[in-house]
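Some notes on the structure that comes next.
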Amino acid sequence: MSKQFSPLASTLLFAQRQHGLFINNQSQAAISGATMELENPANGEFLCSVAQADVMDVDRAVHAAKNAFEGQAWGKMRPRERQNLLWRLADLMERDAQILAELECLNNGKSAQVALVMDVQLSIDFLRYMAGWATKITGSTVDVSIPLIPDADFHGFTRREPAGVVGAIVAWNFPLLLACWKLAPALATGCSMVLKPADETPLSVLKMAELVQEAGYPEGVFNVITGVGSIAGAALSEHPLVNKLTFTGSTQVGQIIGKAALDNMTRITLELGGKSPTIVLADANIKTAAAGAANAIFFNHGQVCSAGSRLYVQREIFDQVVEEIAAIANSMQLGEGMDPSTDMGPLISSKQQKRVQRYIDQGKALGAKIVCGGESFGPGYFVQPTVISEINQSSPLVQEEIFGPVLVAIPFDNIEEVIELANDNPYGLGASIWSNDLALVHRLIPRIKSGSVWVNCHSALDPALPFGGYKMSGYGREMGEEAIFSYTEHKSVLIRI
Ligand code: NAP
Ligand code: MG
405 MSKQFSPLAS
415 TLLFAQRQHG
425 LFINNQSQAA
435 ISGATMELEN
445 PANGEFLCSV
455 AQADVMDVDR
465 AVHAAKNAFE
475 GQAWGKMRPR
485 ERQNLLWRLA
495 DLMERDAQIL
505 AELECLNNGK
515 SAQVALVMDV
525 QLSIDFLRYM
535 AGWATKITGS
545 TVDVSIPLIP
555 DADFHGFTRR
565 EPAGVVGAIV
575 AWNFPLLLAC
585 WKLAPALATG
595 CSMVLKPADE
605 TPLSVLKMAE
615 LVQEAGYPEG
625 VFNVITGVGS
635 IAGAALSEHP
645 LVNKLTFTGS
655 TQVGQIIGKA
665 ALDNMTRITL
675 ELGGKSPTIV
685 LADANIKTAA
695 AGAANAIFFN
705 HGQVCSAGSR
715 LYVQREIFDQ
725 VVEEIAAIAN
735 SMQLGEGMDP
745 STDMGPLISS
755 KQQKRVQRYI
765 DQGKALGAKI
775 VCGGESFGPG
785 YFVQPTVISE
795 INQSSPLVQE
805 EIFGPVLVAI
815 PFDNIEEVIE
825 LANDNPYGLG
835 ASIWSNDLAL
845 VHRLIPRIKS
855 GSVWVNCHSA
865 LDPALPFGGY
875 KMSGYGREMG
885 EEAIFSYTEH
895 KSVLIRI
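Residues in the sequence shown are numbered from 405 upward in steps of one, following my numbering.
What follows is the structure, given as structure tokens:
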């Protein structure tokens with residue numbers, strides 16, 4: 405770690421201490437006493453150790469959440485108080501924003517500056533958006549017909565009730581933000597939660613847990629179990645007292661969790677992988693589209709579920725757009741995230757670096773053109789921003805999620821062709837269209853099979869707009885009113901009067 409760009413003393417103090425599980429508003433060791441080590445991906449050095457939960461710890465946390473859900477303090481809390489608590493948590497996160505951003509940087513490798521204005525600010529915005537929902541959860545009155553009892557009068561209505569204990573499991577690419585996407589609607593609706601962060605990146609969420617306690621949440625409402633997915637994550641997804649599971653991660657693990665959920669009829673939301681197309685039409689402004697396409701793939705080092713990892717450009721401007729993107733890639737400074745001049749930090753782990761490099765090497769072996777980048781380096785887990793052309797649509801580099809700073813670029817001749825290419829992929833999370841031809845854009849939007857379509861922007865998310873995937877990208881939606889629906893049961897009531 406360069407001395408020049410040291411984090412705050414309070415960040416270091418937190419990052420370097422040994423962490424327990426967060427259950428019932430207390431830091432607790434795992435019952436087995438097991439711990440696991442965290443590292444800084446910018447240099448591979450040891451950061452600190454955290455408790456490693458097993459089945460017994462998960463059971464403890466789920467019981468804590470169940471007791472909270474059924475207890476007076478949380479179970480009987482008025483919506484206004486739930487709103488105020490969420491708002492208070494957002495205020496505390498704002499107070500400690502720099503610490504949270506620096507923890508994301510040390511633990512994940514991303515730029516602290518970017519984490520401050522993106523990860524942390526968007527988390528705060530999201531909590532405040534969902535705080536507003538706490539007082540706006542309603543059912544409806546229904547004028548029923550009931551033909552079999554013609555003389556009777558009825559009052560029919562529906563109510564939305566909190567789903568109960570929520571098990572949340574998240575990935576490492578936006579550790580705090582992904583957790584907040586789940587925590588905020590859960591706490592707005594009156595659910596309680598057990599959260600399992602990714603084994604690589606629990607620190608920012610453990611810091612937030614302290615703020616949850618400081619905000620005044622009753623014990624057991626929010627619990628964090630650190631550990632590995634195949635043990636702690638599996639135990640949480642299989643636990644019969646969990647009423648709803650919400651998962652962000654790979655499609656492969658999502659399928660395992662989905663099957664476990666079905667066995668218990670646990671409600672489930674799955675936010676999974678993606679291979680999102682960026683479509684540039686011939687009329688687009690070349691510089692704007694190239695800058696947008698570069699950002700779509702290189703933001704967060706390509707470790708974004710909705711990253712624009714497939715580029716389709718209309719043939720007449722293909723060379724110019726690809727050249728511009730390569731120029732942007734070549735100008736990017738790679739380094740540790742505490743350095744404010746860093747444009748791109750390391751990938752999350754040695755495993756991820758090797759995986760991404762394997763895909764690039766496969767492209768080379770297939771005879772594809774490496775327009776720029778193409779290499780990895782250390783110390784730390786860096787991969788150069790890479791653009792690859794002259795590659796076949798059926799290649800694994802075009803079909804599979806790489807989850808790194810690797811863009812594959814393919815030209816197209818007409819609109820029917822690009823619709824076919826864009827949809828020719830198992831995933832369907834997002835897509836962007838770069839054009840000012842309004843009529844053409846509107847004809848394209850309904851034909852793209854993805855949960856989000858962005859026009860002249862990419863991966864632009866708002867708390868009020870539902871987010872989720874078509875096809876193998878997931879099941880259900882987060883954000884907006886749909887998130888509130890997904891953390892509640894809808895009860896019908898019919899009273900004969
Ligand atoms: P991952 O391997 O699927 O892991 C995600 C989470 O699941 C981690 O907390 C992991 O724990 C846990 N897990 C692993 N095996 C499990 C099991 N058998 N049962 C229960 N939980 C288990 O994904 P990742 O590598 O962390 O993240 C990258 C993936 O996430 C990419 O595919 C990306 O597209 C996707 N993603 C999607 C979105 C979205 O909103 N659609 C957003 C971000 C990322 P451990 O870490 O301890 O193994
Ligand atoms: Mg992991």
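We put the beta carbon where it would ideally sit given N, CA and C, even for glycine.
CA-to-CA distance, residue j to residue i, given in whole angstroms
i	j	result
S680	S836	8 Å
A602	G653	9 Å
Q656	F626	27 Å
K773	L811	12 Å
A575	D687	38 Å
K600	I629	5 Å
G662	E779	36 Å
Q803	G771	17 Å
R671	L645	12 Å
Q659	F871	19 Å
A516	E623	31 Å
M405	P411	For M405, the pLDDT reaches just 42, beneath the cut-off of 50, and the residue's location in the model is therefore unreliable, although a value from the coordinates is still provided. Approximately 10 Å, taken between the alpha carbons.
L902	Q430	Nothing can be reported for residue 902, as the shown portion of the chain is limited to 405 through 901.
K768	P809	16 Å
D555	V897	19 Å
A813	I792	6 Å
S608	G631	15 Å
E824	L848	11 Å
A638	T673	16 Å
H894	L844	40 Å
S713	L417	38 Å
P830	S710	14 Å
E740	G706	16 Å
V684	V859	10 Å
D547	A590	31 Å
D765	L801	10 Å
F426	P606	11 Å
Near the ligand NAP: residue i beta-carbon under 7 Å from a heavy atom
i	result
W576	yes
D866	no
A602	yes
A638	yes
E675	yes
L615	no
I573	yes
C709	yes
S963	Because residue 963 is not part of the residues shown, which for the chain are 405 to 901, the question remains open.
V466	no
E508	no
E805	yes
L451	no
G833	According to the sequence displayed, residue 833 carries Leu and not Gly. Yes, the Cβ of L833 comes within 7 Å of a heavy atom of the ligand NAP.
V657	yes
L715	no
Those residues which DSSP pairs with residue i across a bridge
i	result
C452	L442
V897	F561
E882	F871
R492	Paired residue(s): none; R492 is not in a bridge.
V388	For residue 388 there is no data in the structure shown, the boundaries of the chain being 405 and 901.
K910	No answer is possible for residue 910: the residues shown for the chain start at 405 and end at 901.
F530	Answer is none; F530 lacks a bridge partner.
T650	A572 and T673
W838	V684
V616	DSSP output for V616 lists no bridge partner at all.
Distance cut-off 7 Å: residue i Cβ against heavy atoms of the ligand MG
i	result
D523	no
G633	yes
Residue i: CB within 7 Å of a non-hydrogen atom of the ligand ADP
i	result
C709	Ligands in the displayed structure: the ligand NAP and the ligand MG; the ligand ADP is not one of them.
Original post:
Pairing CB atoms from the segment 653 to 673 with CB atoms from the segment 494 to 506, are three or more of them under 8 Å?
Top reply: no
Subject >> the segment 437 to 446 / the segment 530 to 542 touching (three or more Cβ pairs under 8 Å) >> reply: no
**OP:** May I have a chain-ordered list of the beta strand (DSSP E) segments no shorter than 3 residues that lie completely inside the segment 673 to 736?
**Re:** 680 to 684 and 712 to 718
Original post:
At a cut of 8 Å, does the segment 450 to 460 reach the segment 477 to 492 through at least three beta carbon pairs?
Top reply: no
Original post:
Contact between the segment 556 to 570 and the segment 632 to 647: three or more CB pairs below 8 Å?
Top reply: yes
Original post:
Unbroken beta strand (DSSP E) runs of length 3 or more, entirely within the segment 747 to 805: which are they?
Top reply: 773 to 776 and 790 to 793
Original post:
Taking three-plus beta-carbon pairs below 8 Å as touching, is the segment 839 to 848 in contact with the segment 720 to 727?
Top reply: no
Original post:
Are at least three pairs of beta-carbons, each pair with one atom in the segment 786 to 804 and one in the segment 634 to 644, less than 8 Å apart?
Top reply: no
Subject >> Given 8 Å, three or more beta-carbon pairs between the segment 713 to 720 and the segment 685 to 704 >> reply: yes
Subject >> Sequence ranges, alpha helix (DSSP H) only - wholly within the segment 491 to 521, length at least 4 >> reply: 501 to 512 and 516 to 519
Original post:
Between the segment 468 to 485 and the segment 520 to 532, are three or more C-beta pairs nearer than 8 Å?
Top reply: no
Original post:
Counting Cβ pairs closer than 8 Å, one from the segment 581 to 598 and one from the segment 462 to 469, do we hit at least three?
Top reply: yes
Original post:
In chain order, which continuous runs of the alpha helix (DSSP H) of length 4 or greater are located wholly inside the segment 457 to 491?
Top reply: 459 to 474 and 476 to 479
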